[in-house]
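Under the working numbering, residues 1128 to 1211 are what the sequence shown spells out, in order.
Ideal Cβ positions, reconstructed from N, Cα and C, are used throughout, including at glycine.
A short worksheet on the structure shown next.
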Amino acid sequence: MKQHKGGVSDAFGDPSTIYDGDNDMTTPEDRGLVPLPDMLTYMADMLVELRSIADKNNWQTLSGLLALSHAEATTRRNELIRRR
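Written as structure tokens, this is what we have:
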């Protein structure tokens, strides 16, 4: 499987258009007109919900990974907001 910068090949899209946030290569039209900070806020909210499920089931490793992902999503969102 071929990997590209910041993304992995999967069944949901072209990995060459997936970036880790260092390089905003998409236009609003490509994203369905959803501003990136809003998208990251939504993702962060979902990660909180998933972490709650992991905590209730005592899945400590998964909970920790979700906490790390939440921190990354909020950090990226804040970086985008500061750049504006």
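Buried or exposed (CB count within 10 angstroms, at least 16 for buried), residue i
i       : result
Ala1200 : buried
Arg1209 : exposed
Ala1138 : Unreliable placement is indicated for Ala1138, whose pLDDT of 43 sits below 50; the coordinate value is still reported in the next sentence. Flag for Ala1138 reads exposed.
Cβ-Cβ distance between residue i and residue j below 8 Å
i       : j       : result
Leu1174 : Arg1203 : no
Leu1207 : Leu1163 : yes
Ala1194 : Arg1178 : yes
Ala1181 : Leu1189 : yes
Extent of the continuous alpha helix (DSSP H) to which residue i belongs
i       : result
Pro1164 : Leu1163 to Lys1183
Leu1192 : Gln1187 to Arg1210
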